[in-house]
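A quick write-up on the structure given underneath.
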Amino acid sequence: MVHFYRHGSANSQLAATGKTYISSLVVDHVSSKESRSGIAVFYFDDSHPQYNVADFGFAFRSVSRQLMAQTIDPPTDILNLAEKYSAFFSLDEGESGLWSLITSSFESVFVVFDAANASEAALKDMLVCLGGNDVQNSRLHILITSRYPPPRSLLRTYKLPTIVTRASDDDLMTYIMHELGDVSGEKHLYPIPKDVREAMSDIIEMLDGIFPPLPRFGAISDTLNELAQVLSNVPSSEKSKALSQLALSHIEKAEHEKNPIQVLHLVSTLEEIGYKPTIPQIVDFLPFLGLYKKEDNDYTTHDVANMCAHFVSFGTWTQAMRIRSPLLQSHLCEEVSKSNTKGTMLRAALSYLSQEDFQRGACTSSASLKKRFQTHPFLPFAARIISLYTSRVPHQQEALDDFLRFASHRGSIDSYLQAADAWLYQDDDSYDELESAEQRWAYFPRGYGPLHVAAHIVGGRLFVKALLQQGEDVEAQSGNGQTALHVAAGIEDESETARTLLEYGASVSAVDDDGETPLSIAVVEGDLETVKLLVEFGADIGSLDTSILVECAEERRDVVEYLTGLGVNFPDEDQMDEDDEEA
């Protein structure tokens with residue numbers, strides 16, 4: 001097994017040295033030279049680090065599909081396994097047959113993991129999953145690109161050849177001249193005058209291999225003077241921040257004043273949590289943030305595109321937006337973390353979901369939901385950020401009135417739940433393809449009332465308490481007989497919502513239509529502290545049947561240790577295997 005690890009310069013805080021571009025060159029080279037090779041590439045989003053091997057799950061599935069698509073008349077056994085398995089396992093386990101069969105179809109296999117940000121344990125387990133313990137497997141070649149250096153233990157175990165790269169001075173000079181030339185109209189300034197070249201050489205030395213975000217106004221000489229002044233007056237640790245502030249300082253003086261900065265904050269915040277919004281999605285949400293042109297006129301897609309053009313790249317097909325400079329993206333995220341942007345977005349999202357169209361209730365078909373997404377492009381994002389930001393904002397009280405207004409309409413609740421569980425809509429083709437594989441328009445839970453949806457929102461304790469103080473029935477049931485405590489019991493890494501419900505008298509013995517109690521849900525899906533709370537408030541641990549205990553043993557070692565200490569006897573491995581065979 002041949003591994004190759006490429007990462008950015010250790011001296012650069014955020015090296016932007018074209019890792020994806022180099023990966024594409026490697027793929028092109030292999031494609032032109034190797035006729036019997038399989039090639040697969042997976043790009044990792046910055047917002048999703050790989051903490052353990054499970055975080056490589058989507059990458060494994062993508063790589064397998066890419067390789068299977070390159071096989072000619074794949075054998076029936078491969079197709080059968082592909083239908084059965086949706087992820088890869090260690091080669092020490094039986095389920096690894098799919099990966100072994102796929103790779104055996106080629107003389108050699110090249111896998112590129114681009115922009116990885118993985119822990120040492122995740123990388124080790126991933127390499128074992130793909131190559132087993134045979135480090136001499138010459139058929140498999142893995143290229144990993146990253147901003148971060150590889151763990152030393154991997155270098156020793158796998159003898160990884162590594163290359164540390166950074167932007168060359170020539171590349172930086174070309175980049176700066178191209179970017180500034182587009183603005184100043186001096187793009188044909190070649191050969192570069194001696195004084196400009198000398199000024200740029202000094203700046204490039206101070207940049208230390210970083211592609212900077214650049215201010216977009218003025219003559220080239222003026223901009224270079226500003227860059228030189230900023231870089232020479234700040235320590236290395238402040239260089240990224242100073243460059244970003246300089247780039248943004250000019251747009252605050254533009255026609256729309258601070259609105260462009262707020263739009264960039266919105267794009268940056270969504271990108272940080274893994275979403276790349278399209279221009280129509282941003283335009284759809286701006287009025288709810290209180291962002292208008294003069295005289296309360298709404299922005300158009302043309303306005304937003306022009307407003308962000310210098311700092312955002314746009315996808316060619318969907319016009320998905322992404323902050324061009326990693327340095328600027330990090331700076332914007334830092335600015336957001338120090339402001340109340342997320343609180344503002346939470347209130348705006350709740351207001352967005354309270355629109356009259358959503359009060360009519362959930363859509364009744366996949367086609368009607370797609371039409372709703374087309375009419376209200378920001379809906380998928382608004383539905384997804386509610387839980388995320390409720391648990392993160394320090395002043396939830398500010399969003400309480402917006403939540404109560406939203407939760408006062410059952411139709412709004414159903415519309416929210418449906419959008420949150422549906423496929424993320426970006427364009428018709430991708431949505432139709434996803435729906436054809438698995439129709440998720442109807443996945444949402446039915447019959448949720450205000451208290452259920454408050455419990456459903458991670459970190460929604462304040463909302464739950466406000467509703468109970470207003471007289472909401474703590475034992476109100478959803479369409480499948482669940483109480484709000486059932487819902488809260490299934491939330492991972494959060495137990496305060498369940499505590500509030502219990503303190504207001506929620507029954508720990510409530511049973512839903514499927515025979516589930518809050519405890520049976522919590523021991524598999526919820527938080528250990530929630531399990532302890534339920535037991536403290538009288539939940540019967542003896543009511544947990546064998547199937548629940550088996551599932552708990554497979555998923556939750558922390559809960560197993562706690563329940564074992566209380567005298568719960570878990571099935572032994574032989575009994576668990578028998579249960580699996582019967583299932």
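Start counting the sequence shown at 1; every next residue gets the next number (our numbering). Virtual Cβ for every residue (Gly too), placed ideally from N, Cα, C.
Aspartate 473, DSSP secondary structure in three states: coil
Tell me, which residues are paired with aspartate 171 by DSSP? Partner(s): none; aspartate 171 has no beta bridge.
With H, G and I counted as helix, E and B as strand and the rest as coil, what does DSSP make of phenylalanine 537? coil
Close Cβ partners of alanine 69 (< 8 Å) along its chain, the five nearest in sequence each way excluded: none
Measure the alpha-carbon distance for isoleucine 279 versus alanine 383 and round it to whole angstroms. 18 Å
Pick out the complete beta strand (DSSP E) segments inside the stretch 22-52, 3 residues or longer, and give them in chain order. 37-43
Isoleucine 163 versus phenylalanine 113 - alpha carbon distance: 15 Å
Can you grab the Cα-Cα spacing for the pair aspartate 493 / valine 53, in whole Å? 20 Å
N-terminal and C-terminal residue of the alpha helix (DSSP H) that valine 458 is part of: Valine 458 -> no alpha helix (DSSP H), and no H or E assigned at all.
For alanine 539, tell me which candidate among Arg557, Asp572, Ser547, His486 has the shortest Cα-Cα distance. His486
Threonine 390 and valine 458 look like a contact to me (Cβ under 8 Å); what is the Cβ gap, rounded to whole Å? 6 Å
Counting along the chain, where does the beta strand (DSSP E) carrying histidine 141 start and finish? 140-146
With distances taken Cα to Cα, identify the nearest neighbour of alanine 320 among Ser237, Glu271, Glu438. Glu271
Could you name the residues of the same chain whose beta carbon sits closer than 7 Å to that of serine 412, not counting the 5 residues immediately before and after it, in chain order? Leu353, Ser354, Phe358, Gln359, Phe406
Among the residues of its own chain, which have a CB less than 6 Å from the CB of asparagine 11, if the five just before and after it don't count? Since pLDDT at asparagine 11 reaches only 43, below the 50 mark, its modelled position is unreliable, and the value read off the structure follows with that caveat. Asp208.
Spatial neighbours of arginine 36 within its chain, please: CB distance less than 8 Å, with the 5 preceding and 5 following residues excluded, ordered by chain position. Phe106, Glu107, Ser108
Residue environment, glutamine 426, which counts as buried when at least 16 other CB atoms sit within 10 Å: buried
Please classify aspartate 284 as buried or exposed, where buried requires at least 16 other C-beta atoms within 10 Å of its C-beta. buried
Should histidine 395 go down as buried or exposed, given a rule of 16 or more other Cβ atoms within 10 Å for buried? exposed
Contact defined as beta carbons within less than 8 Å: I believe valine 511 pairs with leucine 519. What is the distance between those atoms, to the nearest angstrom? Actually they do not touch by this definition, with Cβ atoms about 11 Å apart.
Who are the near neighbours of glutamine 477 in its chain, counting only those whose CB is closer than 7 Å to its CB and skipping five residues on each side? Thr483
Closest Cα partner of threonine 301 within the set Leu248, Phe311, Leu286, Pro193: Leu286
Quick one: complete beta strand (DSSP E) runs, 3+ long, within the stretch 283-337? 312-314, 321-323
Taking C-alpha atoms, which residue in Glu472, Pro380, Ser368 lies nearest to alanine 349? Pro380
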